[in-house]
Amino acid sequence: MIERLSAEGLLAPEAADGQRARAISMELCSGAEASAQQQHEVGKQEALDHWFWENKPDKPGNKRLKNLKR
Numbered sequence: 042m043i044e045r046l047s048a049e050g051l052l053a054p055e056a057a058d059g060q061r062a063r064a065i066s067m068e069l070c071s072g073a074e075a076s077a078q079q080q081h082e083v084g085k086q087e088a089l090d091h092w093f094w095e096n097k098p099d100k101p102g103n104k105r106l107k108n109l110k111r
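So the sequence shown is numbered by the working numbering: it starts at 42 and just counts up by one.
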């Protein structure tokens with residue numbers, strides 16, 4: 042990413058080593074990764090809730106639960 046920004050002339054020439062730019066990009070990437078992981082966990086929980094508790098008798102999860110109750 043740093044090489045591409047440098048090639049496009051978006052980094053100042055005195056920042057040629059790109060240490061600060063590299064640190065900023067890593068910080069942004071880790072923030073995006075954490076946000077994606079959190080959204081994934083919320084999505085998994087919602088999917089499980091719908092799968093187990095949604096009131097649709099023909100759903101595979103409900104059929105499986107009915108079979109367990111027998």
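Built from N, CA and C at the ideal position, the CB exists for glycine as well.
Note that the coordinates shown come from a computational prediction; the quantities given were computed from them, not determined experimentally.
If we ignore side chains and look at the alpha-carbon of each, how far apart do residue i and residue j end up?
i: residue 109; j: residue 46; result: 59 Å
i: residue 87; j: residue 78; result: 14 Å
i: residue 48; j: residue 80; result: 34 Å
i: residue 107; j: residue 91; result: 16 Å
Within the continuous alpha helix (DSSP H) that includes residue i, where are the two ends?
i: residue 73; result: 60-94
i: residue 44; result: 43-48
Could you say which of the options lies nearest to residue i if we only look at CA atoms?
i: residue 63; options: 106, 43 and 90; result: 43
Is residue i helix, strand or coil by DSSP?
i: residue 109; result: helix
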